[in-house]
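Trainee: If you're matching positions, the sequence shown starts at 1 in our numbering and goes up one per residue.
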Amino acid sequence: MSHPASPSAPPRPIRTVALASLGLLGLAGAAFAVRRPLMMAAPQCLAGRWHGCYDTFNGVVLMMLVGLPLAALVVWALARLRRAAGVTSAWRRSLTEVGMVYGTVPFVWMILMPGAAPGTGPGRVSLVPLRDLATMGPVGIGGNLLVFAALGFFAPVRFAALVSVPRILALGAGCSVLVETAQYVLLLDRVSSVDDVLVNTTGAVLAALASRPWWRTGPEAASDRPRPAPAAAD
């Protein structure tokens, strides 16, 4: 007797399109919510001025949103080159690599922006856990959660060696400690806080958990390994 087929998960292309659509909707919603602050930096950014654009949070976020079509074009070009060279998973590799870089560099740039009086005194450090969370506020906590979110989301999708929550936690914590150390060493008049490390790492782990259905495991991870050349016949 034949049994009715059990419902299966949606095909991977459908899930990818759905994820991309949700991401675009999220970006559009965020842009709508912060449209007024972003428009304050628009005149300087559109005029190509560094001051008032790339040295402000609003300007960097605005240029990040404006540059999304260029990032998509880079993904397309890399995928086309890789497909022409016979590389497997060309689109997957290109999307994850560009996503990691494009989604992380602007936030690191904002973290490393100098304060009001850079270089005028010793670096400030806050090593008491959870003490600075109250002063961050919702916007500060949300921004810190996004710093390494793209890295946590795309890294295990791209690299099989990072397919593990503890490894993503170590990656996020290590990157965050490195950035906080740079703030202190460069005397940027910013507070190097252990709470920033905790929130940044949490954002990376949460983003990694969100991308878990697409992690490189099993046959997909093995397909990236170089295949041994066939032995010559005697």
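Where is the CB? At the ideal position from N, CA and C, for every residue including glycine. Being a predicted model, the structure only gives us computed values, none of them experimental.
Would you kindly work out how many angstroms separate the C-alpha atoms of M64 and V128, rounded to a whole number?
Mentor: Taking the straight line from one Cα to the other gives about 33 Å.
Trainee: Determine the burial state of A204: buried for a count of at least 16 other Cβ atoms within 10 Å of its Cβ, exposed for fewer.
Mentor: So A204 ends up on the buried side.
Trainee: How would you write the range of the alpha helix (DSSP H) that S176 sits in, first residue to last?
Mentor: Segment 165-185, the alpha helix (DSSP H) holding S176.
Trainee: In whole angstroms, give me the CA-to-CA distance for E97 and M113.
Mentor: Distance between the alpha carbons of E97 and M113: 25 Å.
Trainee: Where does V125 fall in DSSP's three states?
Mentor: Strand at V125.
Trainee: Alpha helix (DSSP H) containing S94: first to last residue?
Mentor: S94 -> alpha helix (DSSP H) spans 90-111.
Trainee: Tell me which same chain residues have a C-beta within less than 8 Å of the C-beta of L133, skipping the five on either side of it?
Mentor: Excluding positions up to five away in sequence, the list reads I141, D195, V199.
Trainee: Going by the beta-carbon positions, is the gap between L187 and P118 smaller than 8 Å?
Mentor: The answer is yes: Cβ separation under 8 Å.
Trainee: Between the alpha carbons of V191 and A85, how many angstroms are there, rounded?
Mentor: If you take the alpha carbons of V191 and A85, they lie about 47 Å apart.
Trainee: Should R131 be labelled buried (16 or more other beta-carbon atoms within 10 Å of its own) or exposed?
Mentor: Exposed is the call here.
Trainee: Could you tell me how far apart the beta carbons of A42 and L62 are, in whole angstroms, since I believe they sit closer than 8 Å?
Mentor: That pair is a contact at about 6 Å.
Trainee: Beta carbon of F201, beta carbon of L169: below 8 Å?
Mentor: According to the sequence as given, residue 201 is Thr; it is not Phe. Contact flag set, yes.
Trainee: For T120, which residues from the same chain have a beta carbon less than 8 Å from its beta carbon, with the 5 sequence-adjacent residues on both sides left out?
Mentor: Here the set comprises L187, D189.
Trainee: V179 and V108 look like a contact to me (Cβ under 8 Å); what is the Cβ gap, rounded to whole Å?
Mentor: 6 Å between Cβ atoms; contact.
Trainee: Confirm, please, whether the CB-CB distance from G59 to G67 is below 8 Å.
Mentor: No, Cβ-Cβ distance for G67 and G59 is not below 8 Å.
Trainee: Which term fits P156, buried or exposed, when burial requires 16 or more other beta carbons within 10 angstroms of its beta carbon?
Mentor: The residue is buried, with at least 16 neighbouring Cβ atoms inside 10 Å.
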